[in-house]
Amino acid sequence: MPELPEVETVRRGLSPVMEGARIVRAETRREGLRWPFPDRMADRLTGARVMRLGRRSKYLLADLDTGETLITHLGMSGRMLISGHPLGKFHHDHPAPEKHDHVVLHMDNGARVTFNDPRRFGAMDLCDSSGLEDHKLIRVLGPEPLGNAFDEPYLIGALKHRNSPIKSALLDQGIIAGLGNIYVCEVLFRAGIHPTRKAMRLSSARIAGLVPIIRNVLVEAIESGGSSLNDYRQADGELGYFQHNFQAYGREGQPCVTQGCTGKIRRITQSGRSTFYCAQCQR
DNA sequence: CCACGACCCTGCATGC
DNA sequence: TGCATGCAGGGTCGTG
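The first sequence begins at 1 in UniProt numbering and counts up by one.
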């Protein structure tokens with residue numbers, strides 16, 4: 001489900017429900033997801049007030065008044081469902097827990113936030129807020145693509161010696177934090193760059209051109225409420241609609257939308273993941 | 001220091 | 001109807 005725009009959409013949906021509210025009860029319905037939950041997680045969450053809901057890359061960060069931060073990753077299939085709140089799908093009641101509801105946060109404003117994740121690639125962890133930047137999942141991340149540290153000189157330097165395909169390099173969270181398979185395909189399509197091209201073989205000018213394209217794709221996707229594939233929804237139950245703006249991803253066999261291009265979108269596999277591109281206008 | 005494949009897990013669409 | 005296969009927006013780890 002989630003790349004940076006989807007996680008940002010979830011954050012925006014959750015923040016009016018969670019910010020300023022206290023967790024009166026935390027239910028963990030299994031021992032962990034991708035990894036075991038941290039020691040006594042439910043106890044450490046109980047009574048905590050959420051000061052601020054933030055995001056770093058694809059991680060949701062709930063800054064608590066206990067001095068700890070709750071780190072949540074949605075993996076491939078994770079969702080955050082709101083009930084008992086006007087901004088949630090269920091305004092007044094709480095649906096019975098479903099099969100893959102793994103963590104339920106009961107807020108003092110009557111809302112419940114449920115972390116549902118069928119594939120269980122998601123994760124939760126708690127750390128000292130002061131040490132967040134040193135957390136093992138956070139410290140390995142490259143710059144935020146919508147932040148000031150991400151600019152043309154940075155990307156040129158980061159890709160200069162990369163011998164891997166540009167597709168793999170842009171998926172590397174240590175280079176740019178937050179792009180995933182969909183948005184990398186869309187970025188390379190807009191840039192007219194062939195996904196198998198070696199990063200180090202691209203001119204500085206072409207790499208520099210990627211920077212505004214990356215920012216634009218992400219901003220447009222966030223403004224659209226993210227992309228809804230399968231049953232992914234925003235926290236309020238609404239569907240995002242950026243998937244209607246895909247120009248490459250998921251369009252195998254369909255005509256290229258570039259003006260004057262007669263090509264069709266192809267699908268290849270790169271390191272186990274599908275890449276969609278137009279062989280005529282991406283070089 | 002890479003780059004790549006296997007693996008983690010469930011659900012869904014497809015084809016026989 | 002059942003069953004096998006392949007695919008899915010995430011990431012880590014071991015190997016060469």
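Virtual Cβ for every residue (Gly too), placed ideally from N, Cα, C.
Since we're looking at a predicted model, the values are computed, not measured.
Going by DSSP, what residue range makes up the alpha helix (DSSP H) through residue i?
i, result
"Ala191", "181-191"
"Thr258", "Thr258 -> no alpha helix (DSSP H), and no H or E assigned at all."
"Val104", "No alpha helix (DSSP H) holds Val104; the beta strand (DSSP E) holding it covers 101-107."
"Glu152", "152-159"
"Arg120", "Here Arg120 belongs to no alpha helix (DSSP H), and DSSP marks it neither H nor E."
"Val51", "Looking at the sequence itself, residue 51 is Met, so the reference to Val does not match. Taken as a continuous stretch (DSSP letters only), Met51 belongs to no alpha helix (DSSP H), being part of the beta strand (DSSP E) at 50-56."
DSSP on residue i, reduced to helix/strand/coil?
i, result
"Arg112", "strand"
"Ser83", "strand"
"Phe246", "coil"
"Glu8", "helix"
"Arg283", "coil"
"Tyr232", "For Tyr232, the predicted structure reports a pLDDT of 48, less than 50, and the residue's modelled location is therefore unreliable. The matter cannot be settled from this model."
"Gly78", "coil"
"Ser227", "coil"
"Ile175", "coil"
"Pro16", "helix"
Suppose you measure from the CA of residue i to the CA of residue j; what does that come to, to the nearest Å?
i, j, result
"Pro165", "Thr262", "25 Å"
"Arg283", "Arg197", "8 Å"
"Glu98", "Arg119", "14 Å"
"Ala42", "Asp125", "11 Å"
"Gly110", "Gly20", "13 Å"
"Leu141", "Glu31", "27 Å"
"Arg266", "Gly253", "6 Å"
"residue 287", "Leu210", "No statement about residue 287 is possible, as the shown extent of the chain runs from 1 to 283 and does not include it."
"Gly122", "Ile138", "15 Å"
"Tyr241", "Glu220", "11 Å"
"Thr258", "Gly192", "10 Å"
"Gln173", "Arg79", "21 Å"
"Ser274", "Pro195", "11 Å"
"Ala248", "Asn116", "29 Å"
"Ala96", "Pro86", "18 Å"
Where do the ends of the beta strand (DSSP E) carrying residue i lie?
i, result
"Ala123", "123-128"
"Gly209", "First-last for Gly209: 204-223, but that is the alpha helix (DSSP H), not the beta strand (DSSP E)."
"Arg267", "265-270"
May I ask you to verify whether the region 102-111 touches the region 26-33, counting CB pairs closer than 8 Å and requiring at least 3? yes
Could you tell me whether the region 4-11 touches the region 219-229, using the rule of 3 or more Cβ pairs below 8 Å? yes
Should the region 163-180 be regarded as contacting the region 143-154, the criterion being three or more beta carbon pairs within less than 8 Å? yes
Below 8 Å, can you find three or more Cβ-Cβ pairs linking the region 69-79 to the region 117-136? yes
If you pair each beta-carbon of the region 10-21 with each one of the region 55-67, do three or more pairs fall below 8 Å? yes
Determine contact between the region 78-93 and the region 50-57, defined as no fewer than three beta-carbon pairs at a distance below 8 Å. no
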